[in-house]
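K.L.:
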Amino acid sequence: MAQMFVLFEHAAGYALFRVREFEDVGSFLPQVEQSVTDLSRFNGVVKLVAFAPFKSAAHALDNINSISEGVLSEDLNLFLETNLPKSEKKGKKDSFVLGVSEPKLGASISEILGITCQHAGVIPEIVRGIRVHFAHLVKGFTVQTSGVAQLGLGHSYSRAKVKFNVHRVDNMIIQSIALLDQLDKDINTFSMRIREWYSYHFPELIKVVPDNYVFAKCAQFIKNRKELSEESLPQLTEIVNDAGIAQSVLDASRSSMGMDISPIDLINIERFAKRVVALAEYRKELQEYLRSKMHNIAPNLSALIGEQVGARLISHAGSLTSLAKYPASTVQILGAEKALFRALKTKGNTPKYGLIYHSTFIGRAGVKNKGRISRYLANKCSIASRIDCFSEETCDVFGIKLREQVEDRLKFYESGDIPRKNVDVMQEALAEAKTVLASQKKKKKKKKSISADITMDAATDTTLPSDGEGKKKKKKKSISQEDVEAMDTSLPLNGEGKKKSRDENGNGDAKLDESVGLDNSVSEKKKKKKKNKDAETTLDQSAMDEDDEGASPSKKSKKKKNAA
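Under UniProt numbering, the first residue of the sequence shown carries the number 1, and numbering increases by one thereafter.
1) Reducing DSSP to helix, strand and coil, say where glutamine 541 ends up.
2) Hey, how far is the Cα of asparagine 212 from the Cα of alanine 278?
3) In whole angstroms, give me the CA-to-CA distance for alanine 246 and methionine 257.
4) When you compare only the Cα positions, how much space is there between isoleucine 109 and methionine 4?
5) Contact check, phenylalanine 8 vs isoleucine 130 under 8 Å by CB: the rounded distance?
6) Are leucine 304 and cysteine 381 touching if we call contact CB-CB under 8 Å?
7) Going by beta carbon distance, what residues of the same chain come within less than 8 Å of aspartate 467, once the five residues before and after it are set aside?
8) Thinking C-beta only, is alanine 11 closer than 8 Å to leucine 153?
9) Counting C-beta neighbours from all protein chains within 10 Å, is the total for glycine 44 16 or more, i.e. buried, or is it exposed?
10) Exposed or buried, methionine 172, counting other C-beta atoms within 10 Å across all chains shown (16 or more means buried)?
11) Could you tell me how far apart the beta carbons of leucine 355 and arginine 312 are, in whole angstroms, since I believe they sit closer than 8 Å?
12) Does the beta-carbon of lysine 411 have 16 or more other beta-carbons within 10 angstroms, so that it is buried, or is it exposed?
13) Spatial neighbours of arginine 283 within its chain, please: CB distance less than 8 Å, with the 5 preceding and 5 following residues excluded, ordered by chain position.
14) I'd like to check one pair, leucine 39 with histidine 136: are the Cβ atoms closer than 8 Å?
15) Report buried or exposed for arginine 254, applying the criterion of at least 16 other Cβ atoms within 10 angstroms of its Cβ.
16) Return the bridge partner residues of valine 19 from the DSSP annotation.
17) Could you tell me the alpha carbon to alpha carbon distance between lysine 325 and alanine 57, rounded to whole angstroms?
18) Applying the criterion that 16 or more other CB atoms from any shown protein chain within 10 Å of the CB defines a buried residue, is glutamine 481 buried or exposed?
19) Taking one C-beta from the segment 357-375 and one from the segment 417-432 each time, how about it: are there three or more such pairs within less than 8 Å?
20) Which complete alpha helix (DSSP H) runs does the segment 275-345 hold, if anything under 4 residues is left out?
21) Alpha carbon to alpha carbon, how far is aspartate 75 from asparagine 63?
22) Using the Cα positions of glutamate 407 and tyrosine 376, report the straight-line distance between them to the nearest angstrom.
23) How about residue 565 and serine 385: do their beta carbons lie closer than 8 Å?
24) Check whether the Cβ atoms of leucine 334 and alanine 317 lie closer than 8 Å to each other.
25) At which residues does the beta strand (DSSP E) containing leucine 72 begin and terminate?
26) Measuring straight from C-alpha to C-alpha, what distance separates leucine 340 and arginine 372?
27) If you draw a straight line from the C-alpha of residue 617 to the C-alpha of glycine 399, how long is it?
28) Please state whether DSSP places glutamate 9 in a helix, a strand or coil.
29) According to DSSP, what are the bridge partners of glycine 99?
30) Using a 10 Å radius around the Cβ and a threshold of 16 neighbouring Cβ atoms, would you call phenylalanine 79 buried or exposed?
31) Nearest by alpha-carbon distance to tyrosine 200: which of Ser95, Ala219, Gly114 is it?
32) Decide if arginine 195 is buried, meaning its Cβ has at least 16 other Cβ atoms within 10 Å, or exposed.
33) Assuming the contact rule is C-beta atoms closer than 8 Å, isoleucine 97 and isoleucine 297 should be a hit. Round their C-beta distance to whole Å, please.
34) Hey, does lysine 411 have any beta-carbon neighbour from chain B nearer than 8 Å?
35) Grouping DSSP H, G and I as helix and E and B as strand, with all else coil, what is tyrosine 14?
36) Excluding the 5 residues preceding and the 5 following phenylalanine 42 in the sequence, name in chain order all residues of the same chain whose CB lies nearer than 7 Å to its CB.
Written as C-alpha cells, this is what we have:
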C-alpha cells in the first residue's frame, strides 16, 4: 500500500502532511468532503510531518515566485529530500505519492527528484481542508499570524508584478491610442451636430468654411450674424488664416437666408462650440503625448511605420513584448482576424494585410506588389519591435535604416533598382547606434553634473549668511572689543589691596561710572576716532579719581582702628 503525502505552500513556509492510505481516502471521497469543514474529523485524515518556516519576507517572496513559475527552488528541494521517506533499494520505485496543488511544480519535482506526484482526485479537497485549518494544524500558529503573513507576502508579490509592468510603460500607449480613436469619433459627431444646429441661423457658413474645427471656432466667435461687422475682420482672419475667406464670411452674413435665433439659443450654441473646440485642442495635445511616448518606448517601430500605426499594433497585440514575440506572418494580418477566419471558412483568399495597410508604403505600391510589400514591411516591423523590446538602451537608428530598406524595396518593385544587402545596412546601423548611444551617455552625465552643481550651489546659499548678518556680526565683535578696552581702562592702578577696598566701599558707584563710560565710548567711536581717544583719556582720569575716593575711607578706618 503506497503512502500519500501532501505538500502545502503557505506564506509562512512549507508544510508536509501525511494522509491515510490512498485507496481508503479515494474510496471515501464524499467523507473527505464532509470532514473538510469539521476540524476534529479532518485531524483523523491528515497529520503534520514537517514544517519549514521562511527566514525572511524576501526569502518568502523568492520561493513564491519560483512556485508561481513552476520551478523547484533549493529550499523546497532540501525540504522534500530531508522529510520524505527514502527508498531502500535504488532500482525500486518510491513507495509513496506526493500530492501537489500546482501541476507545473509537480512536473518539475518528478523530473528532478524522481518522485511520483499527483494533483487530481482527492488532492484538491485535502489541500482545501489544510488551507482552512492550517492555523490549528501547526503548533504556535494562530489565525491572526497566518493572516498577517499572507497579507504581507501578497502585498510584496503584487508589488513586484506591478513594478515589472510599470517598467514596460506600453500601457500608456494602449490607453492613449484608444482614447485618440474615441476622441476622433466624438469630435466628428459633435462637429456635425454644431454644423446642423448653427446652420439654422447661418447656413452659408458651411460652404465658406468646410473644416469642422474652424467652423466651430467661427460659430463661437460670430454668434449672431447680424452683429458681424468690418471691425471684427482682423479677429476673423486670425481664426480662418485667410483674409479672402474672412471677407466672404462677412459678405455671406449680410445676405444670409437663415432664421433668427433667440439669445438663449445662441448662448447654448456658443457653449457647445466651445466644448467642441476644447476637445479638438485636447486631441492635438494627446497626439503629441502619444508621439513622445512612442519615441521613448518604441523609437524604431515609430520611425519605421509611424507613431499611430505602431501604437495600434502594440494595442492590438496587448503589449510590446507580445508584439515582439509574434512572427512576421501574424504581424502582417494583425487586425484582419475576421476576414481571415471568414476566408478560412469559405476556403477563399486570405487577407494580405491588416493594420499595416494604414502605412504609406502599401498605398504607394502597385496593385500587384501590395502583398509583397506588406510581407516585407511586416518582417521589418517584427525586427523593429524586438529591438525596442529587448534592448536596454534604445535609439531610432535601426528604425531609420529599416525604413530606408522598405523605400529601396519599393523602388526595386517599380524600377528594378537592386537594393543594398541587409548585412551591409545592419553593419552601418550598428556603427551609428554605437555613436548615438555614446553621445546620449555623455548628455546624461552632463545633466547629472549640472544638477549636482545646482544642488551644491543651493546648499552653499542656504549655509552662507547674508551681508546684513555679516555686518551685524562685525558690529557685535567691535562692541565686544570696546567692552574689553573699557574694562581694562576701568581697572585700578594701585595694586590688589586698592581693588579690595574699592569693592568693599565704592562698588555701586564704580559700576554706574563704568556703564556710563562704556555708553559714551561706543557712541563717540562711531562718530570719530579722535574723539574716541579723548573719551579713553577721560575714562582713565575718572577711574583714577574713583580709586583715590575709594582709598580715602579705607585710610580713615585704619586710623580709627589704631586709635582704639
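Note that CB positions come from ideal geometry on N, CA and C, so glycine has one too.
P.N.:
Checking against the coordinates, here is how it stands:
1) Summary for glutamine 541: the model assigns pLDDT 49, below 50, so the residue's position carries little reliability, and this model does not support an answer.
2) Cα to Cα, asparagine 212 sits roughly 13 Å from alanine 278.
3) 18 Å
4) Near 15 Å, if we compare the C-alpha coordinates of methionine 4 and isoleucine 109.
5) 5 Å
6) yes
7) Bear in mind that a pLDDT of 49 at aspartate 467, under 50, signals an unreliable position, so the model cannot answer this.
8) In this structure, the beta-carbon distance from leucine 153 to alanine 11 falls below 8 Å.
9) exposed
10) exposed
11) 5 Å
12) Exposed.
13) Leu180, Leu183, Asp184, Ile187, listed in sequence order.
14) yes
15) exposed
16) Partner residues in the beta bridge of valine 19, as assigned by DSSP, are Met4, Val46.
17) Each residue's alpha carbon lies about 34 Å from the other.
18) Because the pLDDT at glutamine 481 is just 49, under 50, the model does not fix this residue reliably, and the value given afterwards should be weighed accordingly. Glutamine 481 comes out exposed.
19) no
20) 299-305, 307-317, 320-325, 328-332
21) 8 Å
22) When only Cα atoms are considered, glutamate 407 and tyrosine 376 end up about 11 Å apart.
23) Outside the shown range of the chain (1 to 564) lies residue 565, about which nothing can therefore be said.
24) yes
25) Where leucine 72 is concerned, there is no enclosing beta strand (DSSP E), given that its DSSP letter is neither H nor E.
26) In this model, leucine 340 and arginine 372 are separated by some 18 Å (Cα to Cα).
27) Since the first residue of the chain shown is 1 and the last is 564, residue 617 is not available in this structure.
28) In the structure shown, glutamate 9 sits in a strand (DSSP, three-state: E or B).
29) Val6, Gln118
30) buried
31) Ala219
32) buried
33) It should be noted that the sequence gives valine, not isoleucine, for residue 97. Incorrect: roughly 49 Å between the Cβ atoms, too far for contact.
34) This model lacks chain B altogether, as it is built from one protein chain only.
35) Looking at tyrosine 14 - three-state DSSP - the assignment turns out to be strand.
36) Ser35, Val36, Gly129, His133
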